[in-house]
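First comes the structure, then the notes that go with it.
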Amino acid sequence: MDTVTTTGLTKSYGRQVVVQGLDLRVPEGCVYGFLGPNGSGKSTTMKMLLSLVRPTAGEVLVLGEPMNRSTRRRQLARIGSLIESPPGYGHLTGGENLRLVQRSLGLDEAQVDRAVRSVRLEEQLDKKVAHYSLGMKQRLGIAMALAREPRLLVLDEPTNGLDPAGIEEIRELLRRLAGRGVTVMVSSHLLGEVDKAADVFGILSAGRLLFQGSREQLFAAAVPDLLIDTSDPHRARAVLDDRVAARVDGGSLRIPGIDDQGTARVVADLVGAGAPVYGVRREEQSLEDVFMDLTRGGRL
Amino acid sequence: MTTPFSAALGAELTKLRRSLSWSVVVLLPVVVVLAGSFTTVVSGQQLADGWHTLWLRSVVFYGLLPLPLGLGILASLAWRPEHRGGSWNALMSSPVPSLYVVLAKTLVVALLGAVMQLVLLVTVVLTGKLLFGLAGMLPGRYLVITVLLVVAVLPVAGVQSALSMAVRSFATPVAVALVGAGTAAVLLAAELGGVVLVLPWAVTARATQLATGTFGDSGELTAGGAAAVVVAGALLTLLAVALATRYLERRDVHT
Ligand SMILES: Nc1ncnc2c1ncn2[C@@H]1O[C@H](COP(=O)(O)OP(=O)(O)OP(=O)(O)O)[C@@H](O)[C@H]1O
Ligand SMILES: [Mg+2]
Numbered sequence: 004m005d006t007v008t009t010t011g012l013t014k015s016y017g018r019q020v021v022v023q024g025l026d027l028r029v030p031e032g033c034v035y036g037f038l039g040p041n042g043s044g045k046s047t048t049m050k051m052l053l054s055l056v057r058p059t060a061g062e063v064l065v066l067g068e069p070m071n072r073s074t075r076r077r078q079l080a081r082i083g084s085l086i087e088s089p090p091g092y093g094h095l096t097g098g099e100n101l102r103l104v105q106r107s108l109g110l111d112e113a114q115v116d117r118a119v120r121s122v123r124l125e126e127q128l129d130k131k132v133a134h135y136s137l138g139m140k141q142r143l144g145i146a147m148a149l150a151r152e153p154r155l156l157v158l159d160e161p162t163n164g165l166d167p168a169g170i171e172e173i174r175e176l177l178r179r180l181a182g183r184g185v186t187v188m189v190s191s192h193l194l195g196e197v198d199k200a201a202d203v204f205g206i207l208s209a210g211r212l213l214f215q216g217s218r219e220q221l222f223a224a225a226v227p228d229l230l231i232d233t234s235d236p237h238r239a240r241a242v243l244d245d246r247v248a249a250r251v252d253g254g255s256l257r258i259p260g261i262d263d264q265g266t267a268r269v270v271a272d273l274v275g276a277g278a279p280v281y282g283v284r285r286e287e288q289s290l291e292d293v294f295m296d297l298t299r300g301g302r303l
Numbered sequence: 009m010t011t012p013f014s015a016a017l018g019a020e021l022t023k024l025r026r027s028l029s030w031s032v033v034v035l036l037p038v039v040v041v042l043a044g045s046f047t048t049v050v051s052g053q054q055l056a057d058g059w060h061t062l063w064l065r066s067v068v069f070y071g072l073l074p075l076p077l078g079l080g081i082l083a084s085l086a087w088r089p090e091h092r093g094g095s096w097n098a099l100m101s102s103p104v105p106s107l108y109v110v111l112a113k114t115l116v117v118a119l120l121g122a123v124m125q126l127v128l129l130v131t132v133v134l135t136g137k138l139l140f141g142l143a144g145m146l147p148g149r150y151l152v153i154t155v156l157l158v159v160a161v162l163p164v165a166g167v168q169s170a171l172s173m174a175v176r177s178f179a180t181p182v183a184v185a186l187v188g189a190g191t192a193a194v195l196l197a198a199e200l201g202g203v204v205l206v207l208p209w210a211v212t213a214r215a216t217q218l219a220t221g222t223f224g225d226s227g228e229l230t231a232g233g234a235a236a237v238v239v240a241g242a243l244l245t246l247l248a249v250a251l252a253t254r255y256l257e258r259r260d261v262h263t
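One line per chain: the protein sequences are A and B, in this order. Residues in the first sequence are numbered consecutively from 4, following this note's numbering. Residues in the second sequence are numbered consecutively from 9, following this note's numbering.
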């Protein structure tokens, strides 16, 4: 079963459509990496999932039930979230902030302790939050979201302000939570931050969902550049003329966005023209390249 | 036993820790009472009509301006932490119902207002005894009025809290309190009767004028006069809370 399902989720501000027709499927017990460049609509979408912002059109189902203004307070008891800047009252200590959460949600001491330990904030609880570093505030925000032991965790750029070791810790934490059956949706504008933690990806660009699926599907979705190794790349390019967008790259010819049939034709042409071809290969791509590819071109 | 509402109220009380509110609650009434008696004390004069004069000078003026102003400041102080960082997101993504959020804040502001009344009462008694050496005690009817005042601050607490919730600015709701208090003073001075009680700031001011003979008051504490204040106060408070809750339920969070 999917923990979060949206159909045609849309938000407009005046004439500007900032989120357009999203059909999200967030499977239960996965880490869903929600990716997109700045301003692509990640926070707006997450706010709609929590009913902090009302959609202009479309619907949200969370844990099989509609999420809207009349159901939200009931639904929110099982959803932990951290949206945009971390919460926490500056004039109170971290411990006092957590007691506020404990009290208003009717949690017991052990639940709060576990949340604190999982973000390793035990040593900082007596300090006023106003004196916290950004990383500490972020950890406190995550602890506040975790304390209620949610079925769904929605984290908007939770690694903001964390050092590399902190980012790694959060990654491990998210994996552990998913292992226990918690569904985690985590956004980032940097693929590298969620790459290793996520099983499912949703990629947003200018308010539209460019891609949604597993890592393998993501690799398959983006066609990597074709590299033709030849002893005379300039001649080879002249042979192909303007029929394909080829350019010389070191000792090879680089052709982006070409399918298998096109590849066969190009090789036949080159061989027919007497250009010496000794290697035809696809470029090794990192997920980062795929992501950049997708979001820059806005294709798919 | 803790219910979801008592938990919300408890959370609001916790937020008052290290808050500036407490200085407002203590300083405002003390300064007003002392300022009201300052010239009399310095010139070595006596109060014309003992306790009654002292009450009139301290409390009637207090109800016209410092009290609504103080409540406006207390409401803005109470909402200030909610307008910072990710607090709104956190507040609205918790299972605590909007009604409880609004009600708990209103009650906390009113509670601070009630403590302010107590400080006022104690300051008046101490001033009467220590500075003027008045005989006897503050007449009992003023104790009844103090209790009435605790109820009468509710509508102003409700309206100011709603404003400070909706507006991020600290000063705007305080400015509204000043305008509201000024309007109430003018209307009360015009002696229009019960209709002025549609204005929340007029309810509070009217309560401080009970049994003083000022602003068209009869000079006696009557059941009718007291009931008008209580009923108008309760209705306006309900209205403010209902509108604020509705607003919170509908609006989007943008931080
Ligand atoms: N209240 C609002 N009124 C008008 N436009 C808004 C509002 N909130 C967001 N937007 C616009 O919606 C778009 C998406 O914003 P959003 O904050 O969802 O992006 P994001 O993907 O979270 O970006 P970032 O990575 O910078 O956090 C932006 O162009 C933004 O200007
Ligand atoms: Mg964002």
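Here a beta-carbon is modelled for each residue, glycine too, at the ideal position from N, C-alpha and C. Since the model is a prediction, treat every value here as computed from it, not as a measurement.
Query, Result
"Cβ pair Phe178/B, Leu196/B closer than 8 Å", "no"
"Near ligand 2: Asp159/A beta-carbon under 7 Å from a heavy atom", "yes"
"Interface partners of Pro69/A on chain B, CB under 9 Å", "Per Cβ cutoff of 9 Å: no residues; Pro69/A is ~16 Å from chain B at best."
"Integer-rounded CB distance, given that Ala150/A should sit under 8 Å from Val331/A", "Residue coverage of chain A in this structure runs from 4 to 303, which leaves residue 331/A outside it and unanswerable."
"Rounded straight-line distance, which links the Cα of Val204/B to that of Leu55/B", "31 Å"
"Reference Gln23/A, options Thr59/A, Leu38/A, Ser54/A and Asn41/A, closest by Cα", "Thr59/A"
"Separation of Pro12/B from Gly141/B, as counted between CA atoms", "50 Å"
"9 Å Cβ cut-off: residues of chain A touching Ala16/B", "Arg106 and Ser107"
"Beta-carbon gap between Leu157/B and Thr61/B smaller than 8 Å", "no"
"Proximity below 8 Å, CB of Arg28/A to CB of Ala19/B", "no"
"Shell residues, 6 Å Cβ cut-off relative to heavy atoms of ligand 1", "Tyr16/A, Val21/A, Gly39/A, Asn41/A, Gly42/A, Ser43/A, Gly44/A, Lys45/A, Ser46/A, Thr47/A, His192/A and His262/B"
"Spatial distance of Ala111/B from Leu156/A (CA atoms)", "What sits at residue 111/B in the sequence shown is Leu, not Ala. Their backbone Cα atoms lie some 29 Å apart in a straight line."
"Contacting positions in the segment 78-90 of chain B - beta carbon closer than 9 Å to chain A", "Pro89 and Glu90"
"Distance, Ala242/B Cα to Ser54/A Cα", "32 Å"
"Candidates Ala193/B, Arg88/B, Lys137/B and Val239/B: closest to Pro76/B by CA position", "Ala193/B"
"Own chain residues within Cβ distance below 7 Å of Thr48/B, not counting five before or after", "Leu55"
"Boundaries of the alpha helix (DSSP H) in which Tyr150/B is found, first to last residue", "Gly148 to Ala174"
"Heavy atom of ligand 2 within 7 Å of Glu87/A beta-carbon", "yes"
"Coarse secondary structure for Lys130/A, derived from DSSP in three states", "coil"
"Three-state secondary structure (DSSP) of Gly109/A", "coil"
"Distance CB(Leu207/A)-CB(Leu297/A) smaller than 8 Å", "no"
"Neighbour flag for Pro74/B against chain A, beta carbons, 8 Å", "no"
"Beta strand (DSSP E) segments (min. 3 residues) lying fully within the segment 9-48 of chain A", "19-25, 28-30 and 34-38"
"Asp159/A burial status per 10 Å Cβ neighbour count (16 or more: buried)", "buried"
"8 Å contact criterion, which Thr6/A and Val56/A should meet: CB distance rounded", "Not quite, the Cβ-Cβ distance comes to about 20 Å (not below 8 Å), so this is no contact."
"Where Arg302/A falls, given that 16 or more other Cβ within 10 Å makes a residue buried", "Unreliable positioning characterises Arg302/A in this predicted model, as indicated by a pLDDT of 47, which lies under 50. A coordinate reading is not provided."
"Element boundaries [alpha helix (DSSP H), containing Leu119/B]", "Ser106 to Leu134"
"Residue range of the alpha helix (DSSP H) that includes Arg2/A", "Absent from the model: residue 2/A. The displayed extent of chain A is 4 to 303, so no value can be given."
"Exposure label - Leu119/B; buried when at least 16 CB within 10 Å", "buried"
"Meets three-Cβ-pair contact criterion under 8 Å: the segment 243-251 of chain A and the segment 261-276 of chain A", "yes"
"Chain-ordered neighbours of Met147/A on chain B, where CB pairs are closer than 9 Å", "Ala98"
"Against chain C: residues of the segment 21-46 of chain B by CB proximity under 8 Å", "Among the chains of the structure shown, chain C does not appear; the protein chains present are A and B."
"For Ile261/A, three-class secondary structure by DSSP", "coil"
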